[in-house]
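One structure is given below, encoded as structure tokens.
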């Protein structure tokens, strides 16, 4: 049985300036499986919070229909098109990253990522990270509204088949402060903590953890989504 | 089975489930099951109240914001108190960054000097609050700007010294003369490199002899064109503007976005009557 939980909190920088959370989180039951989307609005653009919310909504809208599962490029193009159509402003004013995971009840899962953040998973008992290494500095990223290239997307088809298999999607507010060598242990910890609680309690626990983020002088909004097999 | 019996059964089942769930929850909360779990080699699920589990997986240091100063230490800088003014301005900048408590980043400072036939990393990149003293720069010899640019490129490209979680670095070039080595290929190398090219670059030309076209090619911030210093106090004004710009970045919502340079007026008591 696949379960999912997630939380999104406003970072101290936005809290201090009275601005809203520019991250967005979507987590839904989907065809008896799970669907998760995490998006980070680019802080340098004024309306990126609209972009990130619509990105998550576009993932749900497109995947609710019978989009071809075996053609990730067509599916992602459709999500991108839906986002562009739904945007009430110019795409350059609301760019955002997007990480998504669509899990069927048998564990067959499609994961995709554009831009910053981290997508890690344990599938069939083996741990992997979808996100490529960053060659630059923080907050310099590809995003919906900026990138037009399919090669900017990272896509993988995995199977969450073994007990204890899980995946995590997070924005760079979380991933940039993680010790790179501890990501696997981090996923394991999230899985076991969330599995030990009800969905409502695990969501509250996750939110509390993000609100008490231990890295000194952290500023970014933080969003995380976890899907795991019980 | 009558309806009353059915409802009773349903209710009792619900009641039993609630009791069991409550009991299990209390057992976990009190840590009664912890010994059993640890015996199996797994960590206990419940921690003491207030414990943040993220602490074991996160970096315990703030994100760095590197500021690298490329300072001209050629012979011409020894005239008219220019090098003294530069030394004082650098000292003030370090002091301001070290005492800045509002910042949401760890401001790091590195100093590359170029003069006397070679460029050197005069102060290795370190958090401003850890730089307790800085020996003064002495001016002599030629102006090997190309070497300094290569050194800066190497530093910016080094992911060990400047991790990818760092905010966009700031490069500050201060020069009063014409470069004496192949600076163009070194600048091209910096501009074409993957990471170094992303740094914000400010430049200041000291005196009328400075080759402004070189500095203009170096600067990449549209809101901060090359600043021309005609007097020693202008050096202070420039470094104060850089300090303000970096400090405002660290407290802003978008620390990677440059706020340009806002040059304030120099107070009269700082005016040194120097003719350059």
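Chains as they are written, first to last, in my numbering: chain A, 209 to 438; chain B, 911 to 1186. For every residue, glycine included, the Cβ atom is placed at its ideal position computed from N, Cα and C. Predicted model only: the values in this text are computed from it and were never measured.
If I follow the unbroken alpha helix (DSSP H) through residue i, where does it start and stop?
i, result
"residue 311 of chain A", "That residue, residue 311 of chain A, is in no alpha helix (DSSP H); its beta strand (DSSP E) goes 306-311."
"residue 407 of chain A", "407-419"
"residue 1006 of chain B", "992-1009"
"residue 241 of chain A", "Premise fails: residue 241 of chain A lies in the beta strand (DSSP E), 241-248, not in any alpha helix (DSSP H)."
"residue 321 of chain A", "Unbroken run through residue 321 of chain A is the beta strand (DSSP E), 316-322; no alpha helix (DSSP H)."
"residue 1128 of chain B", "1122-1128"
"residue 394 of chain A", "391-403"
"residue 220 of chain A", "220-225"
"residue 280 of chain A", "280-294"
"residue 380 of chain A", "380-383"
"residue 1030 of chain B", "No alpha helix (DSSP H) contains residue 1030 of chain B, which is instead part of the beta strand (DSSP E) from 1028-1037."
"residue 1060 of chain B", "1055-1067"
Closest by CA to residue i, which one among the options?
i, options, result
"residue 1044 of chain B", "B:1052, B:1051, B:1050 and B:1031", "B:1031"
"residue 334 of chain A", "A:321, A:368 and A:386", "A:368"
"residue 231 of chain A", "A:354, A:331 and A:246", "A:246"
"residue 1072 of chain B", "A:378, A:355, A:346 and A:392", "A:346"
"residue 1062 of chain B", "B:996, B:977, B:993 and B:1041", "B:977"
"residue 338 of chain A", "A:321, A:240, A:350 and A:263", "A:321"
"residue 307 of chain A", "A:426, A:390, A:377 and A:388", "A:377"
"residue 319 of chain A", "A:365, A:270, A:351 and A:291", "A:365"
"residue 431 of chain A", "A:305, A:314 and A:437", "A:305"
"residue 264 of chain A", "A:286, A:332 and A:235", "A:235"
"residue 1116 of chain B", "B:932, B:970 and B:989", "B:989"
"residue 331 of chain A", "A:244, A:379, A:317 and A:250", "A:317"
"residue 267 of chain A", "A:256, A:274 and A:243", "A:243"
Assuming residue i contacts residue j under a Cβ cut-off of 8 Å, what Cβ separation, rounded to an integer in Å, is found between them?
i, j, result
"residue 220 of chain A", "residue 968 of chain B", "Going by Cβ atoms, the distance from residue 220 of chain A to residue 968 of chain B rounds to 15 Å, so no, they are not a contact pair."
"residue 980 of chain B", "residue 1022 of chain B", "5 Å"
"residue 1128 of chain B", "residue 1097 of chain B", "6 Å"
"residue 299 of chain A", "residue 353 of chain A", "4 Å"
"residue 999 of chain B", "residue 1146 of chain B", "5 Å"
"residue 312 of chain A", "residue 239 of chain A", "7 Å"
State the start and end residues of the unbroken beta strand (DSSP E) segment that holds residue i.
i, result
"residue 253 of chain A", "No beta strand (DSSP E) contains residue 253 of chain A, which DSSP labels as neither H nor E."
"residue 302 of chain A", "From DSSP, residue 302 of chain A is part of no beta strand (DSSP E); its letter is neither H nor E."
"residue 1191 of chain B", "Because residue 1191 of chain B is not part of the residues shown, which for chain B are 911 to 1186, the question remains open."
"residue 1095 of chain B", "Where residue 1095 of chain B is concerned, there is no enclosing beta strand (DSSP E), although the alpha helix (DSSP H) it sits in stretches over 1093-1102."
"residue 1018 of chain B", "1016-1025"
Using a Cβ cut-off of 8 Å, pull out every chain B residue sitting near residue i, in sequence order please.
i, result
"residue 342 of chain A", "1074"
Name the chain B residues whose beta carbon is nearer than 7 Å to that of residue i?
i, result
"residue 248 of chain A", "By Cβ distance, chain B contributes nothing, its closest Cβ being about 13 Å from residue 248 of chain A, past 7 Å."
Residue i touches chain A at which residues, Cβ-Cβ below 8 Å?
i, result
"residue 1105 of chain B", "343, 344 and 345"
"residue 1108 of chain B", "344, 345 and 348"
List the residues of chain B that residue i touches, going by C-beta distances under 9 Å, in chain order.
i, result
"residue 204 of chain A", "Beyond the ends of chain A as shown, which are 209 and 438, falls residue 204 of chain A; an answer cannot be given."
Legend entry - Contact set between the stretch 409-431 of chain A and chain B, restricted to residues whose Cβ is under 7 Å from the partner: 417, 420, 421, 422, 423, 424, 425 and 427
Legend entry - Proximal residues, the stretch 345-359 of chain A versus chain B, C-beta separation under 9 Å: 345, 346, 347 and 348
Inset, instruction - May I ask you to list, following chain order, the residues of the stretch 387-403 of chain A that have a beta carbon less than 7 Å from some beta carbon of chain B? - result: 387, 390, 393, 394, 397, 400 and 401
Inset, instruction - For the stretch 962-994 of chain B, enumerate the residues whose C-beta is nearer than 8 Å to any C-beta of chain A, in chain order. - result: Under the 8 Å Cβ criterion, the stretch 962-994 of chain B contributes 962, 963, 964, 965, 966, 967, 968, 969, 970, 971, 972 and 973.
Inset, instruction - Taking a Cβ distance cut-off of 7 Å, strictly less, list which residues of the stretch 263-279 of chain A are near chain B, in chain order. - result: none
Legend entry - Selection of the stretch 358-384 of chain A by Cβ proximity to chain B, strictly under 8 Å: 384
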